[in-house]
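Numbering (the numbering used here), first residue to last: 11 to 398.
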């Protein structure tokens, strides 16, 4: 059929040439096309290695979209994981399972004897001895559920990434230049599981609480994975983009706010000064038990951490709104609007979390919206870095 169409094109061109043969050819006249390859070009990722990557037109019609849709689904699962992780922390369920069994741990206790053994293991932990002594088995099952659900969702996300990747790989559907990146993302997912257990172990030794620093690493690695997945999906759909200086600045400012938020959560800093905008009658509390050296206050002092998290939020909001405006100027509309809407919602949720005394569902929504802001920030950053 293709050669038949090509024959028609050549025939029409011949008729046209006979019609105008008595006239001189204009300067822009192009010779007849003898052969036409069906392909399209996609701009390479950066100015340093800019080049043209040829992808069959039919492949471009469905393979990149298929992979991008799969990646978006995985990113959505990670957002859900962030929310469930927040609920796990807020219900003080994170230390309820004192062993890490990557395979067999997917199945919860199924008999009374198994439950009694699991509960007995928990009773050896510092959390039980310090906070929950006398807890009933029924109460233990409640906190066990959230930690088990959090870990199970992590396993499901791993399968949701690894199994489709294997299928796409074997079918040859992964475009050149993406295999290493997708394997790296899979590796980051595995690392996240290891870091999650590393975080839990900090609360199983002598202190009945996880390290807020390890919590920050665990949370922000999850958010970083979301950003990387969204960027990769955008590359597949729109062509590769470079990370601009402004986008890097916006990402850095956002990262600081996310780390501060994790510190607030891990230090239970949201429970102090449950008021807005004042803290103990002033913008800055009149009394602070300063730590030495001074740099420790931004990490370990709950009063200082909450104060900085409150006000760094406004700088973060301003720079992300500018990022959204830049993305709109590059032709994007829905994602920048979503980003600005999420920023406004996040401010409301943050203040509401304080005023409510850290109501679980408000605080969990606050953490989930943070993950969505990371998603939209990555998408807007990609848009302003695309080739014009």
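For glycine and all other residues, C-beta sits at the position ideal for the given N, C-alpha and C. Because the structure is a prediction, the values reported are computed rather than measured.
Considering only residues of the same chain and omitting the five flanking positions on each side of residue i, which have a CB-CB separation below 6 Å?
i           : result
residue 40  : With a pLDDT of 37 at residue 40, under the threshold of 50, the modelled position of that residue is not reliable, and the figure given next carries that caveat. Same-chain partners within the cutoff: there are none.
residue 392 : 241, 244 and 251
residue 340 : 393 and 394
residue 246 : 74, 77 and 78
residue 72  : Reliability fails at residue 72, whose pLDDT of 48 lies under 50, so the model's placement of it is uncertain and no value is given.
residue 14  : Confidence at residue 14 is low in this model, with a pLDDT of 44, below 50, so its placement is unreliable and the value that follows should be read with caution. Cβ neighbours of residue 14 beyond the five flanking positions: none.
residue 45  : A caution first: residue 45 carries a pLDDT of 38, below 50, which makes its placement in the model unreliable, though a value can still be read off. Closer than 6 Å at Cβ, skipping near neighbours: no residue.
residue 95  : 160
residue 131 : 108
residue 138 : 132
Could you name the residues of the same chain whose beta carbon sits closer than 8 Å to that of residue i, not counting the 5 residues immediately before and after it, in chain order?
i           : result
residue 365 : 284, 285 and 286
residue 335 : 346
residue 202 : 164, 228, 231, 232 and 235
residue 221 : 209, 212, 213 and 276
residue 483 : Outside the modelled stretch of the chain, which goes from 11 to 398, sits residue 483, for which no answer is possible.
residue 424 : Nothing in the structure corresponds to residue 424, since the chain is present only between 11 and 398.
State the start and end residues of the unbroken alpha helix (DSSP H) segment that holds residue i.
i           : result
residue 248 : 222 to 248
residue 372 : 370 to 394
residue 346 : 344 to 365
residue 401 : In the structure displayed, the chain extends from 11 to 398; residue 401 sits before or after that span and is not available.
residue 398 : Counting along the chain, residue 398 falls outside any alpha helix (DSSP H), and DSSP gives it neither H nor E.
residue 278 : Residue 278 -> no alpha helix (DSSP H), and no H or E assigned at all.
residue 132 : 122 to 132
residue 252 : Unbroken run through residue 252: none, as it is neither H nor E.
residue 152 : 147 to 181
residue 210 : 189 to 211
residue 109 : Run containing residue 109: none; DSSP gives neither H nor E here.
residue 139 : 136 to 140
Can you name the residues that DSSP bridges to residue i?
i           : result
residue 289 : 292
Please check the pair residue i and residue j, which I expect to be a contact at CB under 8 Å, by giving their CB distance rounded to whole angstroms.
i           : j           : result
residue 235 : residue 199 : 7 Å
residue 333 : residue 275 : With a Cβ gap of about 25 Å, residue 333 and residue 275 do not count as contacting.
residue 323 : residue 390 : Not really, about 18 Å apart at Cβ, beyond 8 Å.
residue 330 : residue 349 : 6 Å
residue 353 : residue 372 : Contact doesn't hold; Cβ gap of about 17 Å is too wide.
residue 93  : residue 378 : 4 Å
residue 106 : residue 149 : Actually they are not in contact, since the Cβ atoms of residue 106 and residue 149 sit about 10 Å apart, beyond 8 Å.
residue 270 : residue 318 : 6 Å
residue 185 : residue 80  : Wrong, their Cβ atoms sit about 13 Å apart, outside the cutoff.
residue 6   : residue 125 : What the structure shows of the chain is the stretch from 11 to 398, and residue 6 is not part of that stretch, so it cannot be assessed.
When the Cα of residue i is compared with those of the options, which residue comes out closest?
i           : options               : result
residue 380 : 351, 397 and 300      : 351
residue 192 : 267, 319, 123 and 168 : 168
residue 98  : 145, 151 and 139      : 151
residue 155 : 197, 102 and 289      : 102
residue 301 : 312, 294 and 291      : 312
residue 328 : 259, 214 and 86       : 259
residue 343 : 358, 386 and 368      : 386
residue 140 : 215, 90 and 262       : 215
residue 133 : 219, 143 and 153      : 143
residue 217 : 195, 159, 135 and 85  : 135
residue 355 : 369, 375 and 87       : 375
residue 114 : 204, 89 and 161       : 161
residue 112 : 207, 261 and 278      : 207
residue 281 : 88, 363, 116 and 178  : 363
residue 278 : 177, 223, 262 and 90  : 223
residue 357 : 388, 321 and 369      : 321
residue 219 : 177, 108 and 90       : 108
residue 398 : 359, 249, 120 and 180 : 249
residue 261 : 273, 237 and 272      : 237
residue 253 : 88, 396, 104 and 87   : 396
residue 316 : 257, 272 and 180      : 272
residue 257 : 388, 88 and 118       : 388
Leaving out five residues on either side along the sequence, give the residues of the same chain with a beta carbon under 7 Å from the beta carbon of residue i.
i           : result
residue 82  : 243
residue 314 : 298, 307 and 308
residue 129 : 147 and 150
residue 310 : 301
residue 178 : 77 and 184
residue 196 : 171, 172 and 175
residue 360 : 323 and 376
Comparing the CB of residue i with every heavy atom of the ligand FAD, is any distance shorter than 7 Å?
i           : result
residue 331 : You won't find the ligand FAD in this model; it holds no ligand whatsoever.
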